[in-house]
Amino acid sequence: MYERWPRRGLRSAGDRPSKRGRGHAAWQARPSTHSEPSGIGRQGASEFGTTTITVRTVAGGVLLGPEDFPCASLVCALKARLQAARPGASVRLFQGTKELPSGDTLLSALQGAEAPLEVSAVFTKTFSVVAWGESRYGGRVPQEAESGVLQLFSSTGAFAVIKAEGEVCAWGHPAYGGDVGPAASSLSSGVETVCANKNAFAALKKDASVVVWGNAGFGGRPRPAVVSRLKDVASVASSGQAFAALTKAGAVVAWGAEVFGGDSTSISSEISSGVVSLFSTQGAFAALKEGGQVVTWGHPRHGGDSTRVAVELAGGIKTVFSNTTAFAALTNSGAVVTWGNGQCGGDMGPAAAQLRNGVVTVFSSGAAFSAVKEDGSVITWGQPGEASIAAEHIARGGCCVKNHVGTAVLVLGSAQAHGDPSSGGHGSNLAVQLAEGVKAVERTSGAFAALKEDGSVVAWGTPQLGGDASPLAKLVSSGIVGLRSTQSAFAALRDVSECAP
2 MYERWPRRGL
12 RSAGDRPSKR
22 GRGHAAWQAR
32 PSTHSEPSGI
42 GRQGASEFGT
52 TTITVRTVAG
62 GVLLGPEDFP
72 CASLVCALKA
82 RLQAARPGAS
92 VRLFQGTKEL
102 PSGDTLLSAL
112 QGAEAPLEVS
122 AVFTKTFSVV
132 AWGESRYGGR
142 VPQEAESGVL
152 QLFSSTGAFA
162 VIKAEGEVCA
172 WGHPAYGGDV
182 GPAASSLSSG
192 VETVCANKNA
202 FAALKKDASV
212 VVWGNAGFGG
222 RPRPAVVSRL
232 KDVASVASSG
242 QAFAALTKAG
252 AVVAWGAEVF
262 GGDSTSISSE
272 ISSGVVSLFS
282 TQGAFAALKE
292 GGQVVTWGHP
302 RHGGDSTRVA
312 VELAGGIKTV
322 FSNTTAFAAL
332 TNSGAVVTWG
342 NGQCGGDMGP
352 AAAQLRNGVV
362 TVFSSGAAFS
372 AVKEDGSVIT
382 WGQPGEASIA
392 AEHIARGGCC
402 VKNHVGTAVL
412 VLGSAQAHGD
422 PSSGGHGSNL
432 AVQLAEGVKA
442 VERTSGAFAA
452 LKEDGSVVAW
462 GTPQLGGDAS
472 PLAKLVSSGI
482 VGLRSTQSAF
492 AALRDVSECA
502 P
C-alpha cells in the first residue's frame, strides 16, 4: 500500500434524469395519445391541461415566461430548459420556500398553488469529471458521474462524487467503496459532504444522518447499535481503517477496525459530551474538548496512547495537528506537545527546547512536523531526511507527495520529482512544464499528476497507474479545478465553462 501524506483539500453535482424519463422523453409523465410526447414549451394535449409559469431569479429577474406548460410535464424537463443556456450549472426550482422535486410532474409539484405560477430558480456551479489510469481502481468514469458534479472524493481504490441535488455516485473497486450497494437509496439525495478512509466512505446528509458503504472491516458496514447513534451528526473524521462522528451535542461515535480507532469503549465516558473537534492519524483519533483537554484512542503506535503526556493534555490545548502516525498539540501558551510514533514526530528530541513557547502553527508531512514560530523561524522534527525536508517545504507554503519509489516536491509554484524514473520519480523531461504555475500535486502508487494554475494537468510515471494522460490531452489541457487519486488512477474536476473550445 502506498503512503498517503496529508494534503491540502480540493475542495474540496447536476440533475440526474428521473428514472421514469429514461428510455423515452424525460418530460413525458405517461404515454401520450399523440405520436409525439407533449413536452415543456409545446402545446401537446394532456388530460391534465396546461398551466402558466414564470421562472424568475432570486433577485426577481425573468428567466422564462410567462409561458403555458402541460401539467403532465416533469420538473426535470423545466430544469433542462433553463440549464440549456447555462452549461456547467445545475438548477434548483422553488415555489415559495418549497423545492420542486425533479421527478414530480408540474401538477403534483405545484398542487394547491394558484395560476399564473411564479417559480424561483437557484443556479449552482457544477463540473464534469475525467479520469485515467487503471479502470478497476477508478480510471474509467461511469456515465452518471461524468457531469453535474459538485465535489470529488477518493479512497485508496475508488472515487465518489456529490451531484447537485445531493446524490452520490461511486466507481472503482467494490472492496474500496466503488459500489454503494444497499446504500444507494439513502444516497439518492441530500448528501452534503463525504469522508473517506482507505477502503470505505461515510456521507453526511442535510438531515444530519450518516450513510456508509465500502469494506465492512474498515467501517463500511457498521453494527445496528452504531447506526442507531449516527443521528444529529455535525462532522465525520477518518483514520486509515475507521470513522468517528461528532454529534451536535458534542458526543463521539466511532466504528470500523477496532485497533485503528473503531472501538472507543475504553474512553466512552470521556467523549460522551463536550467534544468540539476531532483529529486523526492513519490509526488513531484525538478529541479536543471544550475545556482544552485532549482524549485519544486507537493504535498506540499511531497516537492512540497519550498516557506519557496525559498531564500536558489535561487542559489548555488550542488545537491538534497530525501526520500518519503521530500527533502534535499546540497549547494556548504557544508550546507543542507530541505523542505517537516517536520516529515520526511523536518525540520532539533535540527540538523540544525550541518548541516550549512562541509557536504559532504546525505543519506535517507523512512522518515529520515543522513548527512556525513568532519570529518566522521554522523548527522541524521527526523522521530525518526526506520526511523532514518535506515538512519544512510544507511549512513554507509548498507540499510534498510520495509513492512507493518517488517523491514530488512542490515549492512556491514549481515541482521537482525524485526517485525511480519508471514510477514518476524523475521529471527531467517535464522540467519546463513543472518549472512554474504548479498549485497542487497528487500521486498513485507509481505516478504523479500536477495541477497548474492555468487549469491544465501534467502527469508522469507508470502509464498503467495514471502516468500517461495523453489520451485525454484535450480534456486536461484547461479547465481543471480539482484533482484526486486512488492507488492506480487519477480523477479531475473540469469546469466546462472555463475550457478552451
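With the numbering used here, the residue at position 44 of the sequence shown is 45, and numbering never jumps.
Here a beta-carbon is modelled for each residue, glycine too, at the ideal position from N, C-alpha and C.
Residue(s) in a DSSP beta bridge with residue i
i: I318; result: T332
i: I54; result: E68 and L118
i: G467; result: G467 is not bridged to any residue.
i: F280; result: A287
i: A297; result: Just to set this straight, residue 297 is Thr in the shown sequence, not Ala. T297 is bridged to A287.
i: K453; result: V439
i: K126; result: A90
i: V237; result: A246
i: T362; result: V373
i: S486; result: F491
i: G383; result: A369
i: G350; result: According to DSSP, which records beta bridges pairwise, G350 is partnered with nothing at all.
i: F95; result: E100 and S121
i: A85; result: A85 pairs with nothing; no bridge assigned.
i: G257; result: A243
Alpha carbon of residue i to alpha carbon of residue j, nearest angstrom
i: G316; j: S274; result: 16 Å
i: V442; j: L494; result: 14 Å
i: V169; j: W133; result: 20 Å
i: F244; j: E115; result: 49 Å
i: A501; j: Q344; result: With a pLDDT of only 48 at A501, under 50, the local geometry of the prediction cannot be trusted, and the value read off the model is given with reservation. So the alpha carbons of these two residues sit roughly 48 Å apart.
i: E166; j: E145; result: 13 Å
i: S240; j: P67; result: 54 Å
i: L151; j: A353; result: 44 Å
i: A78; j: F128; result: 20 Å
i: P32; j: P175; result: With a pLDDT of 35 at P32, under the threshold of 50, the modelled position of that residue is not reliable, and no figure is offered here.
i: V477; j: S229; result: 43 Å
i: E291; j: F280; result: 15 Å
i: H303; j: G359; result: 27 Å
i: P183; j: L205; result: 17 Å
i: A451; j: L435; result: 8 Å
i: L107; j: T326; result: 55 Å
i: S366; j: G257; result: 25 Å
i: G93; j: A122; result: According to the sequence as given, residue 93 is Arg; it is not Gly. Using only the alpha carbons, I get a separation of about 6 Å.
i: D180; j: R222; result: 13 Å
i: W382; j: G346; result: 6 Å
i: Y138; j: G215; result: 13 Å
i: A250; j: A201; result: 25 Å
i: R444; j: V211; result: 29 Å
i: W172; j: N342; result: 34 Å
i: G191; j: K207; result: 5 Å
i: S236; j: K126; result: 24 Å
i: G218; j: T248; result: 23 Å
i: D376; j: A336; result: 14 Å
i: Q488; j: L331; result: 33 Å
i: E119; j: L65; result: 10 Å
i: V213; j: E271; result: 25 Å
i: E48; j: A246; result: Note that E48 scores 47 on pLDDT, short of 50, meaning its location in the model is unreliable and no value can be drawn from it.
Where residue i falls: helix, strand or coil (DSSP)
i: T325; result: coil
i: E100; result: strand
i: K374; result: strand
i: T266; result: helix
i: G425; result: Bear in mind that a pLDDT of 46 at G425, under 50, signals an unreliable position, so the number given afterwards is only what the model happens to contain. Note: G425 maps to coil in three-state DSSP.
i: A493; result: strand
i: G134; result: strand
i: S109; result: helix
i: L476; result: coil
i: S498; result: helix
i: T445; result: coil
i: A1; result: Any answer about residue 1 is impossible in this case: the structure gives the chain only from 2 up to 502.
i: V338; result: strand
i: L75; result: strand
i: G343; result: helix
i: V459; result: strand
Contact under 9 Å by Cβ, residue i with residue j
i: Q384; j: A369; result: yes
i: D264; j: A252; result: no
i: G284; j: T297; result: no
i: A490; j: S186; result: no
i: V321; j: V295; result: yes
i: V338; j: V373; result: no
i: G467; j: S479; result: no
i: S74; j: F124; result: no
i: T194; j: P117; result: no
i: L154; j: A197; result: According to the sequence provided, residue 154 is Phe. The question's Leu does not apply to it. Yes.
i: G178; j: A209; result: no
i: L111; j: Q96; result: yes
Legend entry - Secondary structure, beta strand (DSSP E): runs of 3+ residues fully inside the segment 142-211: Every unbroken stretch of the beta strand (DSSP E) spanning 3 or more residues and falling wholly within the segment 142-211 is given here in chain order: 150-155, 159-164, 169-173, 192-197 and 201-206.
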